[in-house]
Amino acid sequence: MKIQLPKDSVMLSPQFTYGVATASFQIEGSATNRLPNIWDNFCKKPGAIADQSDGLTACDHVNLWDKDLDLINSLNVDAYRLSISWGRVINQDGSLNSEGVNFYIKLLDKLKQFNIKAFVTLYHWDLPQHIEDNGGWLNRATPYLFSDYADKISQAFGDRVASYATLNEPFCSAYLGYEVGIHAPGISGAKQGRTAAHHLLLAHGLAMKVLQKNSPNSDNGIVLNFTPCYSHSGSADDVAATKHADDYMNQWYIKPIMDGAYPELLKSLPEDVRPDIHDGDLDIISQPIDFLGVNYYTRLIYQANAQTIFEEVANDTALHTDIGWEIYPQGLTELLTSLNALYKLPPIYITENGAAMADKLIDGEVKDFGRVDYYQEHLKAVSFAIEQGVDIRGYFAWSLMDNFEWAEGYLKRFGIVYVDYETQQRTLKTSGMAYKTLISNRK
Ligand code: FCB
């Protein structure tokens, strides 16, 4: 099975970057060699994780990293997106943990030997628990701790990193973690959600300044997720409700960065749920970025609701992945062209895109044809956006391998490599082969 792009697509030129992505908590394991974090704690909460699992072993990547990097190299990718576990590299007193730092340095050096660019994300949700115990992202001191971590780690890594992202998906950290409570640390409340979002954005801005100083030769930016909002009907009420949802979930995170302002919606929120914004915060948040990372999986459809303003409408006739997300590749093209029309964007990387499928390992093979289709259609969607003038420089498959899928535990598989969690054996799926072929033929 092949992935095919339009013949003249720039995505077939060697200048276009292809990669695979992972995140520290989802793959690393070796939890005793780092500080406990909010996900360790959340996993202990009854009912929080669908299969009652945790990240204590995960894909055992801290022990198997060398082989995992050989596997990455065998895919012929140009880049590998990984995240750093804050509590593995920074001790509770704020000093560097040399054992943790050396783990990542060995890994980054090996990537360099392979000529694979390291795309490093500094925060993919694993906040050290002692920081949460002081209020976590609700505490205005946390952005400053983050900036200090960014400072120390970027100095330690030197010139090994091609690209730094400050944060992964602040929407998920703030909204899922502090507003609806289905992710760590499991706090609920609109005030808390909006406060966490503001502090995360502040952390991003502060860290951007540090990264531009310590690592001027890397591309430094942020990774945002977008779930484009579509109106259920053309009625004025549904359209307005959908715009509200979009401003609340999507534009809330990009507009302060690009325009130095929150969406107008902020002013219509009840005063007691608005974040505490200090003078100068938006100047810090709107530091110029070298790139914007865009994560896309699906869209959502909304209609008006008298109590909650907007509500989701299921699209039962559409195809969905194993995690219940509608497959809607056209949404990716429309997202990219609409962002390009709304903002003066820096170059874009699609930093995550992929599908959960109910994979089965049979006679040493995983024939995940549904996932091949998903990649085929979404890569084509990226190519269409480029044709329409959006400056997109690269694409990362989520994920390199099956891993701990947050509140879903190990039940949902997103990898292009299958992981047998009993034996830690990795098996390249059909989608992995197709992705490798696409990349290899281009070169
Ligand atoms: C994104 C996360 C990533 C992974 C995918 C499926 O929201 O960034 O860690 O869980 O979803």
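Here this note's numbering = 1-based position in the sequence shown + 44.
Ideal Cβ placement from N, Cα and C applies to all residues, glycine included.
Residue span of the beta strand (DSSP E) that contains residue i, given as start and end
i: V410; result: V410 -> no beta strand (DSSP E), and no H or E assigned at all.
i: E355; result: I353 to V357
i: Q347; result: L344 to N349
i: N269; result: D263 to N269
i: Q469; result: Q469 to L472
i: L208; result: The amino acid occupying residue 208 in the given sequence is Tyr; Leu does not appear at that position. Here the beta strand (DSSP E) through Y208 covers S207 to N212.
i: L336; result: F335 to N339
Any non-hydrogen atom of the ligand FCB closer than 7 Å to residue i Cβ
i: W296; result: no
i: H168; result: yes
i: E223; result: no
i: C216; result: yes
i: N339; result: yes
i: F458; result: yes
i: N269; result: yes
i: W109; result: no
i: A130; result: According to the sequence shown, residue 130 is Trp rather than Ala. Not so, every heavy atom of the ligand FCB lies at least 7 Å from the Cβ.
i: A92; result: no
i: Q173; result: no
i: W181; result: no
i: A451; result: no
i: Q420; result: no
i: A228; result: no
i: W83; result: no
Extent of the continuous alpha helix (DSSP H) run through residue i
i: R457; result: Here R457 belongs to no alpha helix (DSSP H), and DSSP marks it neither H nor E.
i: I328; result: D325 to I329
i: A280; result: A280 to D290
i: K257; result: A234 to N258
i: S74; result: Looking at the DSSP string, S74 is not in any alpha helix (DSSP H), and its letter there is neither H nor E.
i: S118; result: H105 to S118
i: L309; result: L309 to S312
For residue i: DSSP bridge partner residues
i: M445; result: V461
i: P491; result: Absent from the model: residue 491. The displayed extent of the chain is 45 to 487, so no value can be given.
i: Y124; result: V64 and A162
i: L140; result: I134
i: S275; result: Y346
i: H364; result: E370
i: Y188; result: DSSP, once it has assigned bridges, lists no residue as partnering Y188.
i: F440; result: G63
i: Y297; result: None, per the DSSP bridge assignment.
Closest residue to residue i among the options (Cα-Cα distance)
i: C87; options: I226, T76, T271 and Y292; result: I226
i: E213; options: V410, D435 and N339; result: N339
i: D412; options: Q432, G459, G368 and I394; result: G459
i: S277; options: A348, D98, I93 and L115; result: A348
i: L182; options: I197, H243 and F354; result: H243
i: R184; options: A241, P300, Y418 and L310; result: A241
i: N261; options: Q236, R318, E223 and G202; result: G202
i: I197; options: S207, A429 and L166; result: L166
Kindly provide the ranges of any alpha helix (DSSP H) runs that are 4 or more residues long and lie completely inside the segment 374–428, ordered along the chain. If we require 4 residues or more, the alpha helix (DSSP H) runs fully inside the segment 374–428 come out as 374–386.
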